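A.B. asks: Residue numbers (our numbering): 7 to 408.
Attaching a single structure in structure tokens format; questions to follow.
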Amino acid sequence: MEGAVPFLLLCIVAYCVYNLVCVLVSSVKFCCDMVCCCRSDSKRQAEIDVEEDWEVISEIKYVEEEEEDEEEETKEKKYEAVDLKICKGFRSPDFDSFLASALQCLISIPEFCSPQKNEEMKDTWDFKFNLQMSVSDEIKDLKRKYFDDNYKEIDIMNIRSCFTKVFPRFRHHDSFDLLMVLFEDIQKEINPKKAPFIPNDSLNYKDICQEYEKSHPSIVDQLFVGLSMLTYACQDCGNDNIIYDEFKHIPLDCIQQSSKSALEEFRASINRGKYLHYRCKNCQYDSLCMFTKKIIKYPKYLLVLVRKGESKNQTQSNNPIDYKNSFSLSTPDVQTVTYTLTNIICKTQTLLYNHYTAICKRGYNWVLFDKTQCSILPDPFDLSNHPDAYILFYKAEEFLEF
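So this is what it looks like as structure tokens:
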């Protein structure tokens, strides 16, 4: 018993010391957390203050300098950096990338956005997030409407506000959806009561295209819209039910096949007949019809949408995107149009978000635009098998008649 009492006292003292040490450790940890929290708040506030300011970034300026040689004068093409004040944008990694890539490809089209009239910036390849440029009257009208006459001073914050207010249908942060909504809105602004296009049956294909261009004066119709003729030949009465359908892009399903095979399948689908049930205007009931599709007018700028996966489960296809830098298509009036690649919107898909970049042809070089950063791609650079190609912009270089 005499030995048990000191041992019990020793245990009590050890227990008290242990509790005291735990209290001291908890107090020190709490103080450290408070200090870190204060520093984090200060740092976060500093980042917010920086984001509210304008960020000066480097942009590419195309300069043509004359260098005198001993034998002859030669012109050397150079790219040098120019400081431009551009809004830094948002912290969200996926919001402004889809917007930046789509707008960058649009403003790279000369017919859509004419060059700046500012003499100091006339040779600058501006990453026009502020869109300080002279554009078509239609785009000016839209910007006056959307931005309360502040269309000369548009930054990315204004653009986000624009699509929040004006495009309530726009729900997905996707470059393709953005382009389609923008094109449709421009068409409605110019022609709000758009009626179905029904030309005279006596006209040939060329006259039909000319009549369409006269009745559809918007910049979208002139540059990005093609016209196809859908024929439903009724097997009961022999009547041809003809519908003229517009298209703004060509979809290539690359989930189960390569893009080259998908393009060949699209070509084969034109003028290929198949039987479908359709309500004949003459019979006034659903009858078996021979369906054929002919493209009678290709757009000046052809958009090709590369479908590589399903958006629901975020699955990606590993099939190669072996598209071509140029290809030819034919119309029923024995006319061939040759398309050349000018812009690419790339889409990198992850489980958390999608990131978009734009590759645009500037002069003889290809320039990669990644949000507010840009860089010249090495020459030669093979764009014919880019793994992240999503939207391809092709320009009609020539129409050959035989």
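The C-beta atom is built at its ideal place from N, Cα and C for all residues, glycine as well.
Predicted, not measured: the structure shown is a model, and the values here were computed from it.
DSSP three-state call for P111: helix, strand or coil?
C.D. replies: It should be pointed out that residue 111 corresponds to Cys in this sequence rather than to Pro. Of the three classes helix, strand and coil, the one that applies to C111 here is helix, per DSSP.
A.B. asks: Is it a yes or a no for the region 279 to 298 touching the region 234 to 244, going by three-plus beta-carbon pairs under 8 Å?
C.D. replies: yes
A.B. asks: Compare the C-alpha of F104 against each of N197, I192, T363 and G369 and name the closest.
C.D. replies: T363
A.B. asks: Is the Cβ-Cβ distance between D246 and Q193 less than 9 Å?
C.D. replies: At the C-beta level, D246 and Q193 stay beyond 9 Å of one another.
A.B. asks: Report the three-state DSSP secondary structure of V226 (helix, strand or coil).
C.D. replies: helix
A.B. asks: Where do the ends of the beta strand (DSSP E) carrying D259 lie?
C.D. replies: I256 to D259
A.B. asks: Measure the C-alpha to C-alpha separation of L309 and L185 and round it to an integer number of angstroms.
C.D. replies: Going from the Cα of L309 to the Cα of L185 covers about 10 Å.
A.B. asks: Please return the same chain residues whose Cβ sits closer than 8 Å to the Cβ of I204, not counting the five positions on each side in sequence.
C.D. replies: If we look at I204 and ignore the five residues flanking it on each side, its Cβ neighbours are Y250.
A.B. asks: What residues in its chain sit with their C-beta under 6 Å from that of P174, if we drop five residues either side in the sequence?
C.D. replies: Residue confidence for P174 is low, a pLDDT of 47 falling below 50, so the modelled location carries little weight; the figure read from the coordinates is stated next. Nothing listed; no residue qualifies.
A.B. asks: Can you check DSSP and say which residues form a bridge with I382?
C.D. replies: V373
A.B. asks: Since I believe I365 is in contact with L374 (beta carbons under 8 Å), could you give me their beta-carbon distance rounded to a whole number of angstroms?
C.D. replies: 5 Å
A.B. asks: When you compare each of I214, K306 and T354 to L347 by their alpha carbons, which one comes out closest?
C.D. replies: Selected option, being the one with the closest Cα: K306.
A.B. asks: How far does the beta strand (DSSP E) with C295 in it reach, from first residue to last?
C.D. replies: D292 to K303
A.B. asks: Alpha helix (DSSP H) containing I204: first to last residue?
C.D. replies: Per DSSP, I204 belongs to no alpha helix (DSSP H) and is neither H nor E.
A.B. asks: Tell me which residue opens and which closes the beta strand (DSSP E) that D251 is part of.
C.D. replies: Its beta strand (DSSP E) spans residues D246 to F253.
A.B. asks: Look at the alpha carbon of S381 and the alpha carbon of L109, and state the distance between them as a whole number of angstroms.
C.D. replies: 17 Å
A.B. asks: Report the rounded CA-to-CA distance for K303 versus T344, giving the unit in angstroms.
C.D. replies: 13 Å
A.B. asks: Measuring CA to CA, which of Y396, H283 and D213 is closest to Q241?
C.D. replies: H283
A.B. asks: Return yes when the Cβ of C215 is within less than 9 Å of the Cβ of I397, no when it is not.
C.D. replies: Not a contact, by the Cβ cut-off of 9 Å.
A.B. asks: Please go through the same chain and pick out, in chain order, the residues whose beta-carbon is closer than 7 Å to the beta-carbon of C289, but skip the five residues on each side of it.
C.D. replies: C240, D242 and C243
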